[in-house]
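Residue numbers for the sequence shown follow numbering that gives the first Met the number 0, so the first one is 0 and each next one is one higher. Yeah, the Cβ is synthetic: ideal placement off N, Cα and C, and Gly gets one too.
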Amino acid sequence: MTTTSKSENHDGLKIINAGFFRTATKSMARAYQILGFKTHHGLLEDVLLSPWTGIEQAAEATWPAVRSRGSPERPPFERSDWDALWGDKYDAVTDLASPFVPQLIRAYPNAKVVIVQRDFDSWWASFKPELLDRVMPQPMATISGWICWHVMGIRAVHAMRKVHFGFFNARTPEEIELHARDSYEGYYREIRKMVPEQRKLEYKMGDGWEPLCEFLGVDVPRGGG
0 MTTTSKSENH DGLKIINAGF FRTATKSMAR AYQILGFKTH HGLLEDVLLS
50 PWTGIEQAAE ATWPAVRSRG SPERPPFERS DWDALWGDKY DAVTDLASPF
100 VPQLIRAYPN AKVVIVQRDF DSWWASFKPE LLDRVMPQPM ATISGWICWH
150 VMGIRAVHAM RKVHFGFFNA RTPEEIELHA RDSYEGYYRE IRKMVPEQRK
200 LEYKMGDGWE PLCEFLGVDV PRGGG
């Protein structure tokens with residue numbers, strides 16, 4: 000689904016959805032789209048069009064330990080790098096941008112930040128089987144990664160592995176599980192500390208349109224969307 004941007008003079012991201020994978024990112028993306036914001040979500044885009052190579056490079060720049068053997072060192076991403084990845088094309092970003100929210104907050108100081116957090120235990124019970132296990136080294140993920148890269152020409156599995164090893168400061172799936180709670184909860188603490196009150200909204204699914212629309216400065220959609 001493609002919508003018209005709220006601004007004809009695009010000036011980077013307007014909305015940063017600060018909710019990690021499996022925190023209703025698809026529902027939030029649809030809400031932003033209904034409100035007229037051009038929004039990126041991996042499951043609402045053609046998989047071939049998501050910027051997997053750029054995401055892999057962003058992971059290497061953010062967490063140098065995940066660089067592939069022999070690959071060059073990457074300096075931290077600057078505003079121009081994030082613009083090339085999402086900022087030049089979208090008003091709002093969700094799932095695939097979520098691991099980089101602290102970096103995006105610094106790059107787009109005028110963007111509004113919508114914080115969506117689930118209880119850790121319920122989140123982990125969803126995140127691990129639905130996302131993490133599908134990209135970590137194991138037979139089916141290895142086959143998927145080979146097909147994605149050698150047949151389809153996309154580095155989705157490679158990129159997502161690097162993102163997760165970097166985000167959780169881990170070298171193995173077992174270390175990810177050990178670090179999961181601290182990384183997840185620390186991520187939200189950092190975001191809340193970074194963003195001034197006037198730029199952030201604490202949003203829970205079920206809060207409805209009113210607080211979201213008021214925060215974003217748009218009208219509540221007719222019929223509730």
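For isoleucine 114, which residues does DSSP report across the bridge? Ala17 and Glu201
Just the C-alpha distance for serine 70 and glutamate 189, rounded to the nearest angstrom, thanks. 30 Å
Would you give the residue range spanned by the alpha helix (DSSP H) that aspartate 181 belongs to? 172-193
Return the CA-CA distance between tyrosine 187 and leucine 215, expressed in angstroms with no decimal places. 21 Å
What residue from Glu213, Tyr183, Leu103 and Val156 has the CA that sits closest to phenylalanine 126's CA? Tyr183
Less than 8 Å separating the beta-carbons of valine 112 and alanine 17? yes
Would you report the Cα separation of arginine 68 and aspartate 206, rounded to the nearest angstrom? 46 Å
In three-state terms, what does DSSP make of lysine 5? Note that lysine 5 scores a pLDDT of 47, beneath 50, so its modelled location is shaky; the value from the coordinates is reported in the next line. Looking at lysine 5 - three-state DSSP - the assignment turns out to be coil, as it is neither helix nor strand.
What number of angstroms, rounded off, separates the C-alpha of methionine 204 from the C-alpha of lysine 88? 27 Å
Coarse secondary structure for histidine 40, derived from DSSP in three states: coil
Is there contact here, the stretch 173-183 with the stretch 91-103, by at least three beta-carbon pairs under 8 Å? no
Which residue spans inside the stretch 45-127 form an unbroken alpha helix (DSSP H) run of at least 4? 51-61, 78-81, 100-106 and 119-126
Quick check on DSSP: helix, strand or coil for glycine 165? helix
Rounded to the nearest angstrom, what separates proline 220 and arginine 29 at their Cα positions? 13 Å
Excluding five sequence neighbours on each side, which residues of the same chain lie with their C-beta closer than 6 Å to the C-beta of proline 50? Leu84
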